[in-house]
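Heads up: the sequence shown begins at 140 in our numbering, then just goes up one per residue. Let me begin by presenting the structure, written as structure tokens, before commenting on it.
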Amino acid sequence: NAARIVRALFEIALRKRWPTMTYRLINLCKVIDKRLWGFAHPLRQFSVLPHTVLERLERRRLTVDRLREMSKEEIGHMLQHVNIGAKVKQCAHQLPSLLMDASIQPITRTVLRVRLLITPDFKWHDQ
140 NAARIVRALF EIALRKRWPT MTYRLINLCK VIDKRLWGFA HPLRQFSVLP HTVLERLERR
200 RLTVDRLREM SKEEIGHMLQ HVNIGAKVKQ CAHQLPSLLM DASIQPITRT VLRVRLLITP
260 DFKWHDQ
């Protein structure tokens, strides 16, 4: 199991206090766990999107947040494929995202009350 081997190497590098190697190994662990290179677009996880569309997304460096804000028509025109805009927007909304709202209230001089409201901002799809 590659993930276990790299995780063990990460633990060894961490104990030996090798910061550069530790950084590289933790990034490699993430790549193996996610099965996606760090430089690849997150929408590569979806097999419904054509390879040419994914290449255009990476070439234009469109982030998932930007895709969520754009309309499906804008996405289609940006990718020079008008009909695929709705599918790209749907896939962008399936990636996990959280909305956080915090309120801080002083109780005494040294004590603060922090209330954090976390809500999911994505559509769950079993496949």
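Ideal Cβ positions, reconstructed from N, Cα and C, are used throughout, including at glycine.
> Would DSSP call isoleucine 175 helix, strand or coil?
Replying inline: Residue identity check: residue 175 is leucine in the sequence provided, not isoleucine. Residue state, collapsed to three classes: coil.
>> Using DSSP's beta-bridge definition, name the partner residues of glutamine 244.
In response: As DSSP reads the structure, glutamine 244 sits in a beta bridge with Arg252.
> Hey, isoleucine 214 and lysine 228: beta-carbon distance below 7 Å or not?
Replying inline: Their beta carbons are under 7 Å apart, which means isoleucine 214 touches lysine 228 by this criterion.
> Whole alpha helix (DSSP H) runs in the stretch 146 to 194 with 4 or more residues, listed along the chain?
Replying inline: Runs of the alpha helix (DSSP H) lying entirely within the stretch 146 to 194 and spanning at least 4 residues, in chain order: 158 to 173.
> Is methionine 239 helix, strand or coil when you go by DSSP?
Replying inline: Under the three-state reduction of DSSP, methionine 239 is assigned to strand.
> Which residues mark the beginning and the end of the alpha helix (DSSP H) in which glutamine 233 is found?
Replying inline: Under the DSSP assignment, glutamine 233 falls in the alpha helix (DSSP H) whose first and last residues are 224 to 233.
> Between the Cα of arginine 195 and the Cα atoms of Thr249, His232, Met239 and Leu218, which residue gives the shortest distance?
Replying inline: Cα-wise, what sits closest to arginine 195 is Leu218.
> For glycine 177, which residues from the same chain have a beta carbon less than 8 Å from its beta carbon, with the 5 sequence-adjacent residues on both sides left out?
Replying inline: Closer than 8 Å at the Cβ level, and outside the excluded window around glycine 177, lie Asn166, Lys169 and Val170.
>> If contacts are defined as beta-carbon pairs under 8 Å, then alanine 231 and arginine 207 qualify, I think. What distance do you get, rounded to the angstrom?
In response: At roughly 5 Å, the Cβ-Cβ gap stays under 8 Å, so alanine 231 and arginine 207 are in contact.
> Skipping 5 residues on each side, what residues in its chain have a beta carbon closer than 6 Å to that of arginine 252?
Replying inline: Non-local C-beta neighbours of arginine 252 in its own chain, meaning closer than 6 Å and more than five positions away in sequence, comprise Gln244 and Ile246, ordered along the chain.
>> By alpha-carbon positions, which one of Asn222, Arg205, Val203 and Asp204 ends up nearest to glutamate 212?
In response: When each option's Cα is compared against that of glutamate 212, the closest is Asn222.
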